[in-house]
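Undergrad: Below is the structure I would like to discuss, written out as structure tokens.
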């Protein structure tokens with residue numbers, strides 16, 4: 001891969017979004033943006049890639065993905081009814097689920113989510129097929145905003161060229177993912193935005209284990225993040241030629 005890569009730009013929006021936090025199986029909490037693992041799942045749904053093959057088709061070494069918030073991130077609570085529990089086997093006796101005892105759980109959601117996704121894959125045929133499907137709004141499976149019932153409205157925005165740079169300061173328009181080393185060398189004192197700090201899954205492996213980011217920052221108001229590096233440190237960013245914006249790909253901070 002050279003210092004310049006051709007990228008696809010598309011926006012995703014919906015009525016609600018919920019990307020479940022990683023530390024439980026039924027968490028009521030959501031991330032503030034779609035993690036890289038959610039983006040490859042969305043692209044996989046568009047292309048018809050089976051879930052079992054996502055880890056092999058979209059490893060971090062062959063992709064560059066960034067997520068840019070396009071409107072303020074507003075979180076709310078959405079009441080949902082859950083059933084009491086699954087059937088159980090107790091001392092050799094089968095006990096059916098008690099459907100007459102549902103309970104209500106407040107699910108944290110993002111209202112009217114809207115993000116731009118910047119996507120590149122080393123496989124040119126995959127990129128060509130993705131481009132055609134996005135332009136024609138033709139999916140194999142319906143993409144969603146984290147939960148199957150929260151359908152995603154996806155719009156093709158076009159193509160751009162992303163040039164890899166190393167800079168001392170930048171106005172970042174995307175989520176800012178950081179590894180531990182970069183996090184120590186970054187100065188956010190000039191920020192004019194309210195930050196949300198997240199620790200999100202960044203890569204999934206074939207055995208269903210995950211590698212997580214050290215941390216990631218995103219502006220709650222969808223404002224640029226004014227970043228300055230301390231001393232002689234450099235931050236790796238992509239400069240989008242046509243949009244004239246600087247972004248950071250999730251893969252650039254893999255330790």
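Numbering (UniProt numbering), first residue to last: 1 to 255.
Beta carbons are placed, not taken as given, at the ideal position from N, Cα and C, and that holds for glycine.
1) Between the alpha carbons of residue 150 and residue 111, how many angstroms are there, rounded?
2) Considering only C-alpha positions, which residue in the set 40, 219 and 185 is nearest to residue 193?
3) Alpha carbon to alpha carbon, how far is residue 154 from residue 13? Give it in angstroms, no decimals.
4) Going by other Cβ atoms of all chains shown within 10 Å of its Cβ, with 16 needed for buried, is residue 32 buried or exposed?
5) Please say whether residue 191 and residue 108 have beta carbons closer to each other than 7 Å?
6) DSSP state of residue 135, grouped into three classes?
7) Around the C-beta of residue 158, are 16 or more other C-beta atoms found within 10 angstroms, so that it is buried, or is it exposed?
8) Give me the DSSP bridge partner(s) of residue 217.
9) Closer than 7 Å, CB to CB, is residue 132 near chain C or not?
10) Can you tell me whether residue 246 is buried or exposed, with buried defined as 16 or more other CB within 10 angstroms of its CB?
11) Assuming the contact rule is C-beta atoms closer than 8 Å, residue 166 and residue 75 should be a hit. Round their C-beta distance to whole Å, please.
12) So the alpha helix (DSSP H) residue 39 belongs to, where does it begin and stop?
13) Alpha carbon to alpha carbon, how far is residue 57 from residue 93?
14) Return the Cβ separation of residue 238 and residue 66 in integer angstroms, given the expectation that the two are a contact with Cβ distance under 8 Å.
15) Answer yes or no: do residue 177 and residue 68 have a C-beta to C-beta separation smaller than 7 Å?
16) Relative to the C-alpha of residue 211, which candidate in 120, 179 and 223 has its C-alpha closest?
17) What number of angstroms, rounded off, separates the C-alpha of residue 49 from the C-alpha of residue 125?
18) Taking buried to mean at least 16 other C-beta atoms within 10 Å of its own C-beta, is residue 119 buried or exposed?
19) What's the C-alpha gap between residue 160 and residue 138?
20) Mind checking whether residue 202 and residue 215 have CB atoms under 7 Å apart?
21) Can you name, in chain order, every residue of its own chain whose Cβ lies under 6 Å from the Cβ of residue 205, other than the five neighbours on each side?
TA: Concretely, from the data shown:
1) On the chain shown, position 150 is the one that residue 150 refers to. On the chain shown, position 111 is the one that residue 111 refers to. Spanning the two alpha carbons is a distance of roughly 11 Å.
2) Locating residue 193 in the chain shown gives position 193, counting from the first residue. For residue 193, the nearest C-alpha among the options comes from 219.
3) If you number the chain shown from 1, residue 13 lands on position 13. If you number the chain shown from 1, residue 154 lands on position 154. Those two C-alpha atoms are separated by around 7 Å.
4) Position 32 of the chain shown, counted from the first residue, corresponds to residue 32. Burial call: buried.
5) Position 108 of the chain shown holds residue 108. Position 191 of the chain shown holds residue 191. Cβ atoms of residue 108 and residue 191: not closer than 7 Å.
6) Numbered from its first residue, the chain shown carries residue 135 at position 135. In the structure shown, residue 135 sits in a helix (DSSP, three-state: H, G or I).
7) Residue mapping note: residue 158 aligns to position 158 of the chain shown, counting from 1. So residue 158 ends up on the exposed side.
8) Residue mapping note: residue 217 aligns to position 217 of the chain shown, counting from 1. According to DSSP, residue 217 bridges with 176 and 197.
9) Going by chain labels, chain C is absent from the structure shown, which holds only one protein chain.
10) Translated into positions along the chain shown, residue 246 becomes position 246. Its Cβ being crowded by 16 or more others within 10 Å, residue 246 is buried.
11) The sequence position of residue 166 within the chain shown is 166, counting from 1. The sequence position of residue 75 within the chain shown is 75, counting from 1. 34 Å between Cβ atoms; not a contact.
12) The residue labelled residue 39 in the question sits at position 39 within the chain shown. Residues 36-47.
13) Residue 57 sits at position 57 when you count from the first residue of the chain shown. Residue 93 sits at position 93 when you count from the first residue of the chain shown. Approximately 44 Å, taken between the alpha carbons.
14) The count along the chain shown starts at 1 and reaches residue 238 at position 238. The count along the chain shown starts at 1 and reaches residue 66 at position 66. About 7 Å separates the two Cβ atoms, so the contact holds.
15) Translated into the one-based positions of the chain shown, residue 177 becomes position 177. Translated into the one-based positions of the chain shown, residue 68 becomes position 68. Their beta carbons are not under 7 Å apart, which means residue 177 does not touch residue 68 by this criterion.
16) As a first step, residue 211 is located in the chain shown; it is residue number 211 there, counting from the start. With respect to the C-alpha of residue 211, the residue from 120, 179 and 223 having the closest C-alpha is 179.
17) Within the chain shown, numbered from 1, the residue matching residue 49 stands at position 49. Within the chain shown, numbered from 1, the residue matching residue 125 stands at position 125. Each residue's alpha carbon lies about 14 Å from the other.
18) Here residue 119 refers to the residue found at position 119 when the chain shown is read from its first residue. Label assigned to residue 119: buried.
19) Indexing the chain shown from 1 puts residue 160 at position 160. Indexing the chain shown from 1 puts residue 138 at position 138. One C-alpha to the other measures close to 22 Å.
20) On the chain shown, residue 202 is found 202 positions in, with the first residue counted as 1. On the chain shown, residue 215 is found 215 positions in, with the first residue counted as 1. No, they are not a contact pair.
21) Numbered from its first residue, the chain shown carries residue 205 at position 205. Around residue 205: 55.
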